[in-house]
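Trainee:
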Amino acid sequence: MNEAPTLIICAARPVDAPALKDLLEAAYRGDSARAGWNHEADILDDERITRAELDALLADPAVTVLTARDGDTMFGCVAVTRKSETLAYLGMLCVRPDLQSAGLGRRLLDAAEDHARALGIAAMEMTVIDSRDTLIAWYERRGYARTGETRPFPVLRDPPITFVVLEKPLGRA
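What follows is the structure in structure tokens.
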């Protein structure tokens, strides 16, 4: 287990897009991702997010991307998207592979939930690829529960990929 550096958690800005893109690709895809426990490299081999998609997220007022950083160096991130007055969507939670299992993912998750609570959000939902049992169990230990709903992966795959939907009531800020 590696120790996380001293860092702050703050909202990403459009100027952060290149570093954020590098972090997301390194944490989710390819050989670099295999250095950590939480990756999709054995399931998906394409780009995790395009630069245009990332730029659109950073420009969307309904989305806040929180980053864990020390100066200009990013070590992790998480996105909170307001879906309605009472529901937010949690996505893109990742930590640099060499820092996974040091508690940074938990800190980012807590920050995302606190951010949603401050917006008056009552519940957070997310989707996780159904074959990622270890990751689903990690979220369940943090209060997320399967809703029974599944959603298809946005791009057709062979074999098909399905998401399970998890949700957690957030309570008051």
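For the sequence shown, the numbering used here begins at 1 and goes up steadily by one. Every residue, glycine too, gets a C-beta built ideally from N, C-alpha and C.
1. So residue 93 and residue 103 are in contact, right, with Cβ under 8 Å, and what is the actual spacing, rounded?
2. Quick check: what's the CA-CA separation for residue 183 versus residue 55?
3. Going by beta carbon distance, what residues of the same chain come within less than 7 Å of residue 163, once the five residues before and after it are set aside?
4. Per DSSP, residue 89 is paired with what?
5. Would you check if there are 3 or more beta carbon pairs closer than 8 Å linking the segment 76–88 to the segment 140–147?
6. I'd like to confirm the pairing. Which residues does DSSP put opposite residue 70 in its beta bridges?
7. Can you tell me which of the three DSSP states residue 174 falls into?
8. Which one of 14, 125 and 80 has the shortest CA to CA distance from residue 51?
9. Cα-Cα, which of 66, 76, 159 and 148 is closest to residue 167?
10. Quick check: the Cα distance between residue 72 and residue 59, rounded to an integer number of angstroms?
Mentor: Taking the geometry as given:
1. That belief does not hold up - the Cβ atoms of residue 93 and residue 103 are roughly 13 Å apart, past 8 Å.
2. The question about residue 183 has no answer here: the residues shown for the chain are numbered 1 through 173.
3. Taking residue 163 as the centre and dropping the five residues before and after it, the same chain places the C-beta of 127, 128, 129, 130, 150, 151 and 153 closer than 7 Å to its C-beta, in chain order.
4. Residue 89 is bridged to 81 and 125.
5. Taking 8 Å as the limit for Cβ pairs, the verdict is that the segment 140–147 does not touch the segment 76–88.
6. Per DSSP, 73.
7. Because the chain here runs from 1 to 173, residue 174 falls outside it and cannot be looked at.
8. When 14, 125 and 80 are compared, the shortest CA-CA separation from residue 51 is found for 14.
9. Measuring from the Cα of residue 167, the nearest candidate turns out to be 148.
10. Rounded to the nearest whole angstrom, the C-alpha separation of residue 72 and residue 59 is 20 Å.
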